[in-house]
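Undergrad: Line by line, the protein sequences are chains A, B, C and D. FYI, in full-length UniProt numbering the residues of the first sequence are 1 to 382. FYI, in full-length UniProt numbering the residues of the second sequence are 1 to 382. FYI, in full-length UniProt numbering the residues of the third sequence are 1 to 382. FYI, in full-length UniProt numbering the residues of the fourth sequence are 1 to 382. C-beta atoms are modelled at their ideal positions from N, C-alpha and C, and glycine is treated no differently. The structure presented is a predicted model; accordingly, all values stated were derived computationally and were not measured. Shown below is the structure under consideration.
Number of protein chains: 4
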Amino acid sequence: MRRRLRLGMVGGGQGAFIGAVHRIAARLDDRYELVAGAFSSDAARARASAAELHVAPDRAYATWQEMAAQESARPDGVEVVAIVTPNHLHAGPAIAFLEAGIHVICDKPLCHTMEAAEAVARAAAASSARLALTHNYTGYPLVRQARAMVAQGALGKVRVVQVEYAQDWLTEALEETGQKQAAWRTDPARSGAAGSVGDIGTHAFNLAEFVTGLRVESLAAQLTAFVPGRRLDDNAQMLLRFAGGAQGMLWCSQVAPGNENALRLRIFGEAGGLEWAQEQPNLLLHTPFGEPPRMIRRGGAGASAEAAQATRIPSGHPEGYLEAFAQIYRDFADQIAAAPAGQPGVARSAPVPGIEDGLRGMRFIAAAVASSRLGATWVPLG
Amino acid sequence: MRRRLRLGMVGGGQGAFIGAVHRIAARLDDRYELVAGAFSSDAARARASAAELHVAPDRAYATWQEMAAQESARPDGVEVVAIVTPNHLHAGPAIAFLEAGIHVICDKPLCHTMEAAEAVARAAAASSARLALTHNYTGYPLVRQARAMVAQGALGKVRVVQVEYAQDWLTEALEETGQKQAAWRTDPARSGAAGSVGDIGTHAFNLAEFVTGLRVESLAAQLTAFVPGRRLDDNAQMLLRFAGGAQGMLWCSQVAPGNENALRLRIFGEAGGLEWAQEQPNLLLHTPFGEPPRMIRRGGAGASAEAAQATRIPSGHPEGYLEAFAQIYRDFADQIAAAPAGQPGVARSAPVPGIEDGLRGMRFIAAAVASSRLGATWVPLG
Amino acid sequence: MRRRLRLGMVGGGQGAFIGAVHRIAARLDDRYELVAGAFSSDAARARASAAELHVAPDRAYATWQEMAAQESARPDGVEVVAIVTPNHLHAGPAIAFLEAGIHVICDKPLCHTMEAAEAVARAAAASSARLALTHNYTGYPLVRQARAMVAQGALGKVRVVQVEYAQDWLTEALEETGQKQAAWRTDPARSGAAGSVGDIGTHAFNLAEFVTGLRVESLAAQLTAFVPGRRLDDNAQMLLRFAGGAQGMLWCSQVAPGNENALRLRIFGEAGGLEWAQEQPNLLLHTPFGEPPRMIRRGGAGASAEAAQATRIPSGHPEGYLEAFAQIYRDFADQIAAAPAGQPGVARSAPVPGIEDGLRGMRFIAAAVASSRLGATWVPLG
Amino acid sequence: MRRRLRLGMVGGGQGAFIGAVHRIAARLDDRYELVAGAFSSDAARARASAAELHVAPDRAYATWQEMAAQESARPDGVEVVAIVTPNHLHAGPAIAFLEAGIHVICDKPLCHTMEAAEAVARAAAASSARLALTHNYTGYPLVRQARAMVAQGALGKVRVVQVEYAQDWLTEALEETGQKQAAWRTDPARSGAAGSVGDIGTHAFNLAEFVTGLRVESLAAQLTAFVPGRRLDDNAQMLLRFAGGAQGMLWCSQVAPGNENALRLRIFGEAGGLEWAQEQPNLLLHTPFGEPPRMIRRGGAGASAEAAQATRIPSGHPEGYLEAFAQIYRDFADQIAAAPAGQPGVARSAPVPGIEDGLRGMRFIAAAVASSRLGATWVPLG
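In structure tokens:
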């Protein structure tokens with residue numbers, strides 16, 4: 001019997017979006033039990049949120065500092081903490097909990113500045129605890145399969161990588177209406193130097209590197225804030241050069257009407273291609289050169305062991321975003337169970353995005369911003 | 001704060017499919033806590049399952065009879081029980097728990113015979129407790145919206161209803177390999193008089209009635225067992241006549257290669273049409289006559305309050321089968337909270353399939369089987 | 001060098017729809033030259049049409065009788081005549097031209113009554129000339145390929161055949177506005193005993209038999225005229241039984257909002273399935289059981305010789321309705337070239353629908369109408 | 001009655017691809033009659049081709065020089081000539097026929113060098129005859145409609161333009177097998193300085209400018225020849241800056257397995273978006289911000305006058321590549337009829353790509369090649 005891990009949460013009080021997602025993800029496979037939280041900087045909201053979430057009043061903390069101090073002192077203290085605050089509030093609690101030997105699940109991007117990211121990395125390196133970063137799209141079964149297929153040579157050498165992530169919710173100046181999500185995501189103080197690039201471009205970048213196994217070496221990026229008055233980019237277009245010679249493009253936009261969450265990856269190699277789109281995640285199109293395209297469906301014929309490991313229900317019963325998100329939680333629980341903190345060498349059965357992915361994402365943001373400021377010239381990726 | 005309901009389960013031990021689905025559904029919205037179970041008729045499997053599911057050993061029962069007796073005697077006994085056994089084992093526990101005043105969530109179809117179904121109906125009528133039937137496809141947000149749109153006249157008077165549910169997993173004689181799911185579903189003793197018609201035809205039938213708000217008055221059905229040696233139908237085609245003059249067709253098949261879980265409903269009225277398919281559940285196609293078709297997406301522009309009520313995450317993040325299933329659980333919890341057992345007159349904010357739907361489904365099965373035996377002549381629906 | 005055949009036309013004057021289609025079809029592959037016509041019963045319109053079509057004034061006839069008499073007497077008279085009038089005006093000219101030894105291309109359905117159809121059949125049997133019926137959907141490359149795949153056993157024994165043809169243009173009482181196409185198609189005197197069944201149901205029926213190579217033995221049909229005041233069916237739903245045990249359904253409708261010309265065929269056998277839809281005719285979905293579905297594209301990998309024979313341009317450049325229609329013309333020209341009239345035994349390289357298909361279509365209409373009048377009971381197909 | 005224009009052809013003999021397409025396009029609407037040709041530099045092939053095409057032996061010329069001389073001297077000489085040779089053989093005949101006062105329809109790109117293009121432009125400016133360039137994708141009805149919608153402000157100010165054209169036929173070194181199409185397209189001497197960029201990138205570029213009405217001001221391009229030994233690019237990725245501030249990307253590839261002719265344009269503005277894909281050309285997706293996406297279908301509800309002008313048959317009967325190609329021919333015939341050569345000021349009812357588009361395309365090629373040689377830095381578009 002697998003014991004449930006004791007989970008705490010920083011952020012995610014009433015009115016938040018991603019906190020609720022993390023909680024469902026934690027609950028879905030019954031591997032975590034939420035027992036503590038610093039849900040909000042607003043004390044009343046923090047208390048009310050805790051009550052609603054069945055968290056005992058004495059473990060509903062006013063601040064993450066207090067939570068870190070008290071929980072690490074309890075024999076039944078939290079074993080894992082989920083950080084679901086805006087970007088500028090990731091590093092502080094992440095470092096504190098890592099230093100306390102408590103595992104961290106951090107929302108992406110890792111931080112709002114490169115400096116903060118490196119501080120987290122140092123804390124992680126020094127800690128017996130682990131850090132998982134919720135690049136949740138890597139939790140989709142067919143994304144896992146695509147990665148395995150590329151690694152096994154199904155496409156031959158990769159030549160072309162086209163990735164995009166389009167949304168439309170910031171087509172107008174939503175941040176001026178007081179909408180909370182829009183407000184912090186367009187605010188440099190809370191979001192960092194990038195808008196769409198940090199919010200969704202990092203997902204696209206991560207997905208491309210995750211699936212191809214290739215590293216972006218340099219990029220040329222044009223970042224634009226199309227909406228008058230907006231302080232951070234709401235659209236970005238980039239050329240990418242990968243180690244080994246593959247060439248790519250990345251487009252992310254939050255001002256593309258008709259697009260909701262249109263993350264889409266296409267990879268083409270000497271021997272074939274792959275295509276996957278987040279809004280139809282149960283389908284992977286495989287196009288071996290010279291043969292009819294094949295529709296690989298999650299759980300169906302042609303689905304691999306990597307996909308099966310991340311699947312809960314039979315083919316034809318669509319799984320979605322929450323299941324993929326939950327996969328990160330489940331795999332992290334497996335990692336923790338298989339490899340107690342402090343034994344990082346233990347083999348992992350499934351890939352969980354971690355500190356390295358977080359640093360890559362931060363370098364990507366930095367390079368994109370720098371390139372754009374230089375007129376979209378080529379900039380290496382640190 | 002909403003208290004979690006104490007949940008028990010009959011069936012669903014190790015190796016079962018639908019039991020795990022029910023458990024995730026119960027857990028997803030944190031409205032239930034699994035505390036007891038009679039998970040298997042095999043005692044060792046029952047115990048092992050309980051341990052795996054964090055159920056205390058003293059509440060892991062060998063039989064549902066024992067569970068009903070003991071749980072109804074405990075002050076902290078289960079408030080709701082989920083029945084996830086094969087069809088022939090629905091009626092017994094359903095009646096027992098209803099008689100004990102414990103709410104029942106029963107997998108569909110309601111039973112394996114009309115007589116058993118009527119006995120359950122009598123028990124439900126006499127009980128202070130409620131029964132929910134997991135016609136889970138009614139839990140999809142856009143199915144709810146489609147129902148509301150029809151009711152509000154968006155299509156005008158309905159003329160044509162085309163519904164189908166195609167699978168392929170029984171294309172060959174899987175039951176002869178010992179596969180558990182195939183074995184009981186093709187066995188008249190455990191499944192009842194129908195195969196594909198009971199297993200998936202009932203879902204199609206329920207969906208058509210649920211969304212249109214119309215009742216099938218009569219049908220002509222040809223049921224076929226295409227696989228040599230198979231004892232129950234694996235394919236059925238039907239003409240339908242609805243009260244009020246609409247005409248329909250229903251096709252269900254488990255021998256249609258390439259189809260996984262292809263439940264699809266199309267409705268056409270004087271003023272427009274609607275189309276929804278389970279494998280792409282986040283899209284509802286609305287075709288007002290004389291205008292370009294509109295793609296209504298869950299959570300997006302054009303999504304209604306009915307859809308929003310059944311939605312957890314923003315548009316573009318796909319939801320799927322588990323969320324829809326969970327919706328039945330969530331709405332049932334709301335019903336129980338809003339209208340304590342014994343006060344059936346309290347308004348329901350969302351439709352939860354219940355005993356009436358169960359009886360309709362059983363009548364549908366009976367009519368289809370009777371029609372087919374008479375050479376696919378017309379038979380009224382009781 | 002292939003000589004162009006001298007072509008005449010009956011009907012198809014200014015304002016007609018299908019006449020223009022026939023002319024483009026004749027012209028596309030440069031195998032015909034339009035040299036004569038009785039384009040309209042209105043003399044002025046007939047003359048004007050001829051002038052517009054580059055037909056010499058002395059070969060613009062007032063009636064088809066006159067045209068048959070004079071053209072058969074000319075040494076350079078027409079070799080082939082296309083009949084593109086409403087249904088009730090097919091038999092007369094068809095018989096006259098066949099008796100004159102002139103090949104006939106007749107629009108479908110063959111006639112408006114069974115008696116007329118049989119008279120045409122007798123004339124065809126007695127004539128040295130041939131008759132082609134423009135069941136134009138059989139001209140699509142991937143329909144040809146589907147037929148070949150079934151014949152070659154790619155699906156194993158066929159079990160299930162689902163065919164449908166949905167339109168929406170008669171959702172309202174268009175015939176009351178004076179619209180010419182609607183007027184004759186809803187008029188029993190000009191269309192025959194069936195409306196949608198004759199107009200589009202025959203196409204669906206023909207396609208199902210053409211591709212499967214199976215014959216419908218009996219059917220149960222409910223025909224409905226949903227629009228108040230309409231004299232012929234605008235919607236029909238049918239159960240089908242094929243020789244050899246396959247079971248099918250056919251739905252045709254002209255009152256299904258959102259559907260333009262949605263002819264779609266699905267076939268399922270012991271070993272796999274096929275799906276083709278007229279509105280995306282360059283794709284054939286092949287679903288071998290137990291393998292990922294394969295997207296066969298016209299001209300692409302997996303396309304067969306039968307498809308290639310009916311293809312003009314490389315894959316990815318979409319072909320459509322006109323090319324498929326032209327294929328009937330091209331194949332008929334090949335037949336005439338390869339097998340001079342009077343030598344019917346010569347092998348055909350491609351299937352051209354002819355008198356037998358015409359008679360099958362008429363029997364289908366008769367059986368559907370008879371079944372519906374008897375309350376949708378089973379009726380054999382003559 | 002519209003007289004047929006007398007048409008000649010340069011190139012397009014037996015074995016060629018695009019010549020046959022031009023001939024069908026010319027024939028489809030019956031506005032041209034092929035009467036002369038210099039079909040091949042191989043005399044025997046030229047004669048055989050002429051015979052096959054019903055061209056009189058005395059008008060089957062050995063060279064285009066001879067053809068220009070003799071046809072311009074005949075009273076019944078060709079009025080229009082189609083040039084369908086490889087790129088390096090466009091300028092010579094184009095200039096000769098323009099100087100002879102004969103209209104020219106030239107395949108794209110206009111030439112193989114900028115110098116040659118400018119020479120053609122001078123000839124066109126000095127001539128009483130017109131030049132049309134077969135940027136055939138502009139002939140699709142819904143491309144015309146998209147252009148009109150943008151011009152009428154349906155999207156508001158355009159912000160983002162994403163265009164791509166992917167193929168896979170050069171994934172391997174097809175040119176080494178002697179395949180004729182591959183051979184000249186990968187040969188700098190015959191194709192010019194660019195491979196995929198000239199062959200298909202120009203189409204993508206033209207489409208983007210045609211529909212948006214915006215001009216690309218500068219670009220940064222990385223051109224790659226992925227196949228070992230290939231002398232011209234087979235893949236290119238570009239960032240685009242448009243006058244007025246719109247930002248774009250262009251991807252063209254001939255090494256993207258699974259793609260046949262995947263030309264796709266997406267445009268996003270302040271108020272909405274549009275999406276069109278060549279392989280499903282009968283659909284235009286319109287996404288007004290804040291409303292459900294609308295599927296505009298050729299000929300259906302929401303189709304505009306611009307689309308109708310380029311449509312032959314009713315909605316639901318798919319039109320394709322040949323019809324769009326024919327549209328250029330038809331519109332050019334209308335132009336010639338409405339505005340005799342020498343009266344260029346006469347209004348045009350439909351846009352026909354001409355010399356300006358040809359020059360734009362050549363500048364695009366030059367800029368892309370230059371940018372790539374400079375390491376994908378920004379280069380203005382002449």
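Which term fits residue 76/A, buried or exposed, when burial requires 16 or more other beta carbons within 10 angstroms of its beta carbon?
TA: Here residue 76/A refers to the residue found at position 76 of the first sequence. Exposed, by the Cβ-count rule.
Undergrad: Return no unless some Cβ of chain C is closer than 7 Å to the Cβ of residue 364/B.
TA: Walking along the second sequence from the start, residue 364/B turns up at place 364. Not closer than 7 Å to any Cβ of chain C, the Cβ of residue 364/B fails to qualify, so no.
Undergrad: Decide if the region 107–116 of chain B is in contact with the region 218–230 of chain B; the criterion is three or more beta carbon pairs, one per stretch, under 8 Å apart.
TA: Counting Cβ pairs under 8 Å, fewer than three are found: no touch.
Undergrad: Measure the beta-carbon distance from residue 179/C to residue 254/C and round it to whole angstroms, keeping in mind my assumption that it falls under 8 Å.
TA: On the third sequence, residue 179/C is found 179 positions in, with the first residue counted as 1. On the third sequence, residue 254/C is found 254 positions in, with the first residue counted as 1. Residue 179/C to residue 254/C, Cβ: 13 Å. No contact.
Undergrad: Spell out a yes or no on whether the region 86–103 of chain B and the region 50–61 of chain B are touching, meaning 3 or more CB-CB pairs, one atom from each, closer than 8 Å.
TA: Flag = no, the region 86–103 of chain B and the region 50–61 of chain B do not touch.
Undergrad: With a threshold of 16 other CB atoms inside 10 Å of the CB of residue 348/C, please say whether the residue is buried or exposed.
TA: By 1-based counting over the third sequence, the position of residue 348/C is 348. Low per-residue confidence applies at residue 348/C: pLDDT is 46, beneath 50, and the placement is therefore not dependable, though the value from the model is reported in the following sentence. Residue 348/C comes out exposed.
Undergrad: Are the beta-carbon atoms belonging to residue 289/D and residue 307/D less than 7 Å from one another?
TA: The count along the fourth sequence starts at 1 and reaches residue 289/D at position 289. The count along the fourth sequence starts at 1 and reaches residue 307/D at position 307. No, these two residues do not count as a Cβ contact at 7 Å.
Undergrad: On the criterion of 16 or more Cβ atoms from any shown chain inside 10 Å, does residue 164/A qualify as buried, or is it exposed?
TA: For the purposes of this step, residue 164/A is identified with residue 164 of the first sequence, where counting begins at 1. Residue 164/A comes out buried.
Undergrad: Contact between the region 113–128 of chain C and the region 138–156 of chain C is defined here as three or more beta-carbon pairs at a separation below 8 Å; is this criterion met?
TA: Contact between the region 113–128 of chain C and the region 138–156 of chain C is absent, because fewer than three Cβ pairs lie under 8 Å.
Undergrad: Suppose only complete runs of 3+ residues qualify. What are the beta strand (DSSP E) ranges in the region 16–103 of chain A, listed by chain order?
TA: Taking only runs of at least 3 residues, the beta strand (DSSP E) segments lying wholly in the region 16–103 of chain A are 32–38 and 80–83.
Undergrad: If distances are taken between C-alpha atoms only, which option among 131/D, 123/D and 70/D comes closest to residue 357/D?
TA: Walking along the fourth sequence from the start, residue 357/D turns up at place 357. The candidate whose alpha carbon is nearest that of residue 357/D is 131/D.
Undergrad: How would you list, in chain order, the residues of chain B whose beta-carbon sits under 8 Å from the beta-carbon of residue 249/C?
TA: For the purposes of this step, residue 249/C is taken as the residue at position 249 of the third sequence. Going along chain B in sequence order, the residues near residue 249/C (Cβ under 8 Å) are 237, 249 and 251.
Undergrad: Apart from the five residues on each side of it in sequence, which residues of its chain come closer than 6 Å, Cβ to Cβ, to residue 68/D?
TA: Start at 1 with the first residue of the fourth sequence, and residue 68/D comes out as number 68. Cβ within range, chain order: 96, 97 and 100.
Undergrad: On the three-pair Cβ rule with 8 Å, is the region 283–302 of chain A touching the region 241–248 of chain B?
TA: No contact exists between the region 283–302 of chain A and the region 241–248 of chain B.
Undergrad: Tell me which residues share the same chain as residue 351/D and place their Cβ nearer than 7 Å to its Cβ, disregarding the 5 neighbours each side in the sequence.
TA: Walking along the fourth sequence from the start, residue 351/D turns up at place 351. Same-chain partners within the cutoff: 138.
Undergrad: Would you call the CB atoms of residue 379/A and residue 194/A closer than 7 Å?
TA: Here residue 379/A refers to the residue found at position 379 of the first sequence. Here residue 194/A refers to the residue found at position 194 of the first sequence. It is not a contact, given that the beta carbons lie outside the stated cut-off.
Undergrad: Which residues in the same chain have their Cβ closer than 6 Å to the Cβ of residue 9/A, if we skip the five residues on either side of it in sequence?
TA: Your numbering for residue 9/A matches position 9 in the first sequence. 37 and 82.
Undergrad: Distance, Cα to Cα, residue 56/B vs residue 50/B?
TA: As a first step, residue 56/B is located in the second sequence; it is residue number 56 there, counting from the start. As a first step, residue 50/B is located in the second sequence; it is residue number 50 there, counting from the start. Cα to Cα, residue 56/B sits roughly 7 Å from residue 50/B.
Undergrad: Which partner residues of residue 282/C appear in the DSSP bridge assignment?
TA: Here residue 282/C refers to the residue found at position 282 of the third sequence. Answer is none; residue 282/C lacks a bridge partner.
Undergrad: For residue 299/D, I'd like the list of residues in its chain whose CB is within less than 6 Å of its CB, leaving aside the five on either flank, ordered along the chain.
TA: In the fourth sequence, the residue the question calls residue 299/D occupies position 299. Around residue 299/D: 311, 314 and 315.
Undergrad: If I follow the unbroken alpha helix (DSSP H) through residue 209/A, where does it start and stop?
TA: The residue you call residue 209/A lines up with position 209 of the first sequence. First-last of the alpha helix (DSSP H) with residue 209/A: 202–212.
Undergrad: Please confirm whether residue 84/A and residue 103/A have their CB atoms less than 7 Å apart.
TA: Here residue 84/A is taken as the residue at index 84 of the first sequence, counted from 1. Here residue 103/A is taken as the residue at index 103 of the first sequence, counted from 1. Going by C-beta atoms, residue 84/A is not nearer than 7 Å to residue 103/A.
Undergrad: What separation, rounded to the nearest whole angstrom, lies between the Cα atoms of residue 344/B and residue 20/B?
TA: As a working note, residue 344/B is residue 344 in the second sequence. As a working note, residue 20/B is residue 20 in the second sequence. Note that residue 344/B scores a pLDDT of 47, beneath 50, so its modelled location is shaky; the value from the coordinates is reported in the next line. Going from the Cα of residue 344/B to the Cα of residue 20/B covers about 30 Å.
Undergrad: Does the beta-carbon of residue 171/C have 16 or more other beta-carbons within 10 angstroms, so that it is buried, or is it exposed?
TA: Position 171 of the third sequence, counted from the start, is the residue given in the question as residue 171/C. Label assigned to residue 171/C: buried.
Undergrad: When you compare each of 45/D, 211/D and 107/D to residue 23/D by their alpha carbons, which one comes out closest?
TA: Along the fourth sequence, one-based indexing puts residue 23/D at 23. Among 45/D, 211/D and 107/D, the Cα nearest to that of residue 23/D belongs to 107/D.
Undergrad: Any C-beta of chain D within less than 7 Å: which residues of the region 161–172 of chain A qualify?
TA: Hits within the stretch, in order: 162, 168 and 171.
Undergrad: Quick one: using the 10 Å Cβ neighbour count with 16 as the cut-off for buried, is residue 237/D buried or exposed?
TA: Along the fourth sequence, one-based indexing puts residue 237/D at 237. Burial call: buried.
Undergrad: Which of helix, strand or coil does DSSP assign to residue 220/A?
TA: In the first sequence, the residue the question calls residue 220/A occupies position 220. Residue state, collapsed to three classes: strand.
Undergrad: With DSSP collapsed to three states, give me the class of residue 355/B.
TA: Within the second sequence, numbered from 1, the residue matching residue 355/B stands at position 355. Residue state, collapsed to three classes: helix.
Undergrad: Is residue 144/C helix, strand or coil when you go by DSSP?
TA: Translated into the one-based positions of the third sequence, residue 144/C becomes position 144. The answer is helix: DSSP assigns residue 144/C an H, G or I state.
Undergrad: Name, going along the chain, the residues of the region 290–301 of chain B whose beta-carbon falls closer than 8 Å to a beta-carbon of chain D.
TA: Those would be 290, 291, 292, 293, 294, 295, 296, 297, 300 and 301, in chain order.
Undergrad: Please confirm if residue 130/A has its CB atom under 7 Å from at least one CB of chain B.
TA: In the first sequence, the residue the question calls residue 130/A occupies position 130. Chain B contact via Cβ: absent.
Undergrad: Looking only at its chain, what residues have a beta carbon closer than 8 Å to the beta carbon of residue 187/B, apart from the 5 residues adjacent to it on each side?
TA: Position 187 of the second sequence, counted from the first residue, corresponds to residue 187/B. Excluding sequence neighbours, residue 187/B sits near 175, 231 and 232.
Undergrad: Enumerated in chain order, which unbroken segments of the alpha helix (DSSP H) with a length of 4 residues or greater are wholly contained in the region 112–174 of chain D?
TA: Runs of the alpha helix (DSSP H) inside the region 112–174 of chain D: 114–126 and 141–151.
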